[in-house]
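Student: In this text, residue positions in the sequence shown follow our numbering: the first is 37, and each later residue adds one.
We put the beta carbon where it would ideally sit given N, CA and C, even for glycine.
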Amino acid sequence: MVFNNSTDRVLTHEENITRAECYWAMAAAQLGFSYDSSQNIPELFASMFPDSKVAADYAMKDRKLSYVVSHGTGSFFIRELIKDVLKAPAYLLLFDETTIVG
């Protein structure tokens, strides 16, 4: 049984799946995994945890991972950046327009 810490209620099955998918998205981003590395993760989790309904219903593959990382977390990090910039006594905005790769 998993509780939601902010409301002290039991999470629904769908919320547990979403939580698992978010954990995987954050781990993949933090560890630098490619989106393609998630291609067979649902099957792997189902094999690793055969008694888990969450693992059986987990469905995040490469395209969903890409979407969650960019759209699900992007706005959070933009807000955090804005908060940090607004706290600074001064800041400098710089544009690097070089086209040299490497």
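Contact between the stretch 109-125 and the stretch 69-88: three or more CB pairs below 8 Å?
Tutor: The answer is no - the stretch 69-88 does not touch the stretch 109-125, with fewer than three Cβ pairs under 8 Å.
Student: Quick check on the burial criterion: 16 or more other C-beta atoms within 10 angstroms. Buried or exposed for Ser70?
Tutor: Residue 70 sits at position 34 when you count from the first residue of the sequence shown. Ser70 comes out exposed.
Student: Check whether the Cβ atoms of Ala61 and Val90 sit closer than 8 Å, and answer yes or no.
Tutor: Here residue 61 refers to the residue found at position 25 when the sequence shown is read from its first residue. Here residue 90 refers to the residue found at position 54 when the sequence shown is read from its first residue. Contact: no.
Student: When you compare the CB positions of Ala56 and Tyr103, do they come within less than 8 Å of one another, or not?
Tutor: Within the sequence shown, numbered from 1, the residue matching residue 56 stands at position 20. Within the sequence shown, numbered from 1, the residue matching residue 103 stands at position 67. No, the Cβ-Cβ distance between Ala56 and Tyr103 is not below 8 Å.
Student: Classify Gly68 as helix, strand or coil using the three-state DSSP reduction.
Tutor: Residue numbering aside, residue 68 sits at position 32 when the sequence shown is read from its first letter. Coil at Gly68, not helix or strand.
Student: Give the DSSP-derived three-state secondary structure of Tyr59 in the structure shown.
Tutor: In the sequence shown, the residue the question calls residue 59 occupies position 23. Three-state DSSP puts Tyr59 in a helix.
Student: Of all the options Gly108, Ile114 and Leu129, which has the alpha carbon lying nearest to the alpha carbon of Thr54?
Tutor: In the sequence shown, the residue the question calls residue 54 occupies position 18. Among Gly108, Ile114 and Leu129, the Cα nearest to that of Thr54 is on Gly108.
Student: Measuring alpha carbon to alpha carbon, tell me which residue in Arg99, Leu101, Asp98 and Pro78 is nearest Ala92.
Tutor: Translated into the one-based positions of the sequence shown, residue 92 becomes position 56. Looking at the Cα atoms, Pro78 is the closest of the given residues.
Student: Kindly give me the distance between the Cβ atoms of Ser73 and Met96, rounded to whole angstroms, as I take these residues to be in contact under 8 Å.
Tutor: Along the sequence shown, one-based indexing puts residue 73 at 37. Along the sequence shown, one-based indexing puts residue 96 at 60. Wrong, their Cβ atoms sit about 11 Å apart, outside the cutoff.
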